[in-house]
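**Student:**
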Amino acid sequence: MAQSLDLFECSICLHLLEEPVTTACGHSYCRKCINTFWSSNREEYSCPQCRTTFNTRPDLQRNTILGNLLEEHKKQSQSAAAGDEEDAASPGDVQCDACMGRKRKAKMFCLMCLASYCETHLQPHAEVPVLMKHKLIRASTRIKESICSRHDRHLEIYCRSDEQLLCPLCVVEHKGHDIVEVMTEKRDKQQQVERARLEIEDRVLVSLIEMKELTKAADSIRDAAWEACDDFERQCSEHILSYVLSLERKCSEMRDKVGQEEKAGVDWTKGHLGQLEREVNKLRRMEHQLHQLSLTDDPIQFLKDFQALGERPALTDSQQQHQAPAEVVSAHKDKLKRMCDKQKSELFGHFKDFSMSLFLKYPCMPIKSRKDLLLKRTTLDLDPNTAHKCLYMTQTKKEISWETKGQAHPDHPGQFTRFYQVLCQNGLQGEHYWEVEWDGGIVEVAVSYKKIQRKGSDKSSCFGHNKLSWKLICSPSGCTFWHNNLHKGQIPPARSRRVGVHLEYREGRLSFYSVAGPDEMTLLHQIRTAFTKPLYPGFTVDLGATLSICDI
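Going by the working numbering, the sequence shown opens with residue 46, and the numbers climb by one from there.
1) Given a cut-off of 8 Å on the beta-carbon distance, is the pair Leu62 and Cys55 in contact?
2) Taking the continuous alpha helix (DSSP H) assigned at Lys220, which residues delimit it?
3) Between which residues of its own chain and Leu588 is the CB-CB distance below 6 Å, once the five residues before and five after are set aside?
4) Find out if the Cβ-Cβ distance for the pair Arg205, Val225 is shorter than 8 Å.
5) DSSP on Ile597, reduced to helix/strand/coil?
6) Whose CA, out of Asp223, Met331 and Val227, lies closest to the CA of Gly212?
7) Apart from the five residues on each side of it in sequence, which residues of its chain come closer than 8 Å, Cβ to Cβ, to Cys595?
8) Report the option in Glu298, Cys141, Ser414 and Trp313 whose CA atom is closest to the CA atom of Thr567.
9) Alpha carbon to alpha carbon, what distance is there between Ser506 and Leu513?
10) Applying the criterion that 16 or more other CB atoms from any shown protein chain within 10 Å of the CB defines a buried residue, is Gly509 buried or exposed?
11) Using three-state DSSP, classify Tyr494 as helix, strand or coil.
12) Report the rounded CA-to-CA distance for His118 versus Gln106, giving the unit in angstroms.
13) What's the gap between the Cα of Met299 and the Cα of Asn326?
14) Which of helix, strand or coil does DSSP assign to Arg542?
15) Could you compute how far the alpha carbon of Tyr203 sits from the alpha carbon of His219?
16) Compute the Euclidean distance between the alpha carbons of Cys78 and Cys58, then round it to the nearest angstrom.
17) What's the gap between the Cα of Glu372 and the Cα of Lys378?
18) Once you ignore the five residues that flank Val374 on each side, which residues in its own chain have a CB closer than 6 Å to its CB?
19) By alpha-carbon positions, which one of Lys189, His528, Arg554 and Ile536 ends up nearest to Ser520?
20) By how many angstroms is the C-alpha of Phe277 removed from the C-alpha of Lys578?
21) Whose C-alpha, out of Ala134, Ser493 and His179, is nearest the C-alpha of Gly146?
22) Assign Leu250 to one of two classes, buried (16 or more other C-beta atoms within 10 Å of its C-beta) or exposed (fewer than that).
23) Taking the beta carbon of Met256 as the centre, do at least 16 other beta carbons fall within 10 Å, making it buried, or is it exposed?
24) Distance check for Pro429 and His454, CA to CA, integer angstroms please.
25) For Ile79, which beta-bridge partners are listed by DSSP?
26) For a test of the three-state rule: what should DSSP assign to Glu649, helix, strand or coil?
27) Between the alpha carbons of Val311 and Val289, how many angstroms are there, rounded?
28) Report the residue from Lys178, Glu444 and Asn100 whose alpha carbon sits nearest the alpha carbon of Glu88.
29) Applying the criterion that 16 or more other CB atoms from any shown protein chain within 10 Å of the CB defines a buried residue, is Cys155 buried or exposed?
30) Ordered along the chain, which non-local residues of its own chain (more than five positions away) have a Cβ less than 6 Å from that of Thr67?
31) Would you call the stretch 525-533 and the stretch 458-472 in contact, with 3 or more CB pairs under 8 Å?
32) How would you label Pro582, buried or exposed, when you count the other beta carbons within 10 angstroms and need 16 or more for buried?
33) Secondary structure at Asp484, three-state DSSP: helix, strand or coil?
34) Decide if Pro65 is buried, meaning its Cβ has at least 16 other Cβ atoms within 10 Å, or exposed.
35) Taking DSSP's pairing of strands, which residues face Glu549 in a bridge?
36) So what does DSSP say about Arg198, is it helix, strand or coil?
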């Protein structure tokens, strides 16, 4: 083949002919080569090989037959090169042991020749009768593991007694052992593998069922925990209501008793007052008569009028006859005090120790209006170093929304990588109040310690699912509070899209409010705990939601 290609070479450039043309003397050249040759020798036009001279410059025509042969050769060469490139062995492939130069990819391995062959060098095994008897297997990079290292024979036998692969020559050393063909042992082991696989599938299924049950159990425990809290709060409310109603009844009964005592005392004073008024009137009439008698000059008339007055009633000291009013008032006061003390002792005696300890431990929370809370307002700025890449943040650092494209937040160790969360820049201690406004889907309003995880596939970095954070989830259908992977549902929906957060760090109180107007607030949820480190406000938004920090 190499000698035949020499016939198609140009004697000027010594390469295969390009656009072949033939002179009148019968020699062929590349059109470009012969034209260049004649252009450089303008004195005469001759054939470079036989030196035949032409009087005029020949008008050369393309040699169609020769050109077609060269085109066909070029196509075949390109096809062969492409096939060689496709069949060439890559790193990790089994190379043909018979290829010289560039190795092709081996297809089969001969157990008799102990060599790997490509498709080209495998042809003799398909055509030569002696080689057709050889046993071929698929070529593999692990084929050496199938060859006996002692006898260079194929491992065809398995000794069950020694659990060892053998070649035919190794069998003599295992006389009396349980020996079978490799394929027989493979079938047996395949059955064991299938049984083990089915057993694993069953165990996986059982484990998945147990995981589902455990998940339900965790949900039930969380629900039970909050149900217990709700039941305790309900019973406390009922007892408080019952106690208040009982106090109101006691107060009513006490008013009735005090009213009766008041009536008795007033009636006594009215009775004695009437008696004294009648006595005073009688004495004044007698005084008038005596005064008129003292004005009579005639002794006879004086004596007759004196006798007409009759015997005067004995004058008695009313202060001695009636009890002094001060004593009566003092006696009534003492009686009312004893009566009230007795009722208070009966009513509060058993409750005193409990109520005192309760109020000392949980002092009454002052009820504050929004006007009072605004005195504690604080300025918040979002921290870009903590924002998830799918959170869009405005330049003012006051508003976030969820975006499908990642934002240009720089990579930072403090960045949340799984949950769409962001923290504020400054930690808070003392008393603070802030408000946020949201629109769209679901948002989360949270506070967290700085040590909360930022990365990982579990929920350790999610607000409300650890001991380091507290959050209120707000949605159009209602609110849910989460802390330490426990949630409290059945919180009524917020009356507006504005939520206020009141932090009383030293008192250990965190309150969430629905702000419906300048002076209209509704408590959504409140927790009491002991805060130990500065708290950082945090937020989460879902797809289609927007949250902004309000300027109040």
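Cβ atoms here follow ideal geometry from the backbone N, Cα and C, with glycine treated the same way.
**Tutor:** Taking the definition as stated:
1) yes
2) Neither: Lys220 is in no alpha helix (DSSP H) and is coded neither H nor E.
3) Trp447
4) yes
5) coil
6) It should be pointed out that residue 212 corresponds to Cys in this sequence rather than to Gly. Cys212 has its Cα closest to that of Val227, out of Asp223, Met331 and Val227.
7) Trp479, Glu480, Val481, Glu482 and Arg543
8) Ser414
9) 9 Å
10) buried
11) coil
12) 21 Å
13) 40 Å
14) coil
15) 10 Å
16) 7 Å
17) 10 Å
18) none
19) Ile536
20) 30 Å
21) Ala134
22) exposed
23) exposed
24) 7 Å
25) In DSSP, Ile79 forms no bridge with anything.
26) Nothing in the structure corresponds to residue 649, since the chain is present only between 46 and 597.
27) 32 Å
28) Asn100
29) buried
30) Ser73 and Asn108
31) no
32) buried
33) strand
34) buried
35) Glu476 and Arg554
36) coil
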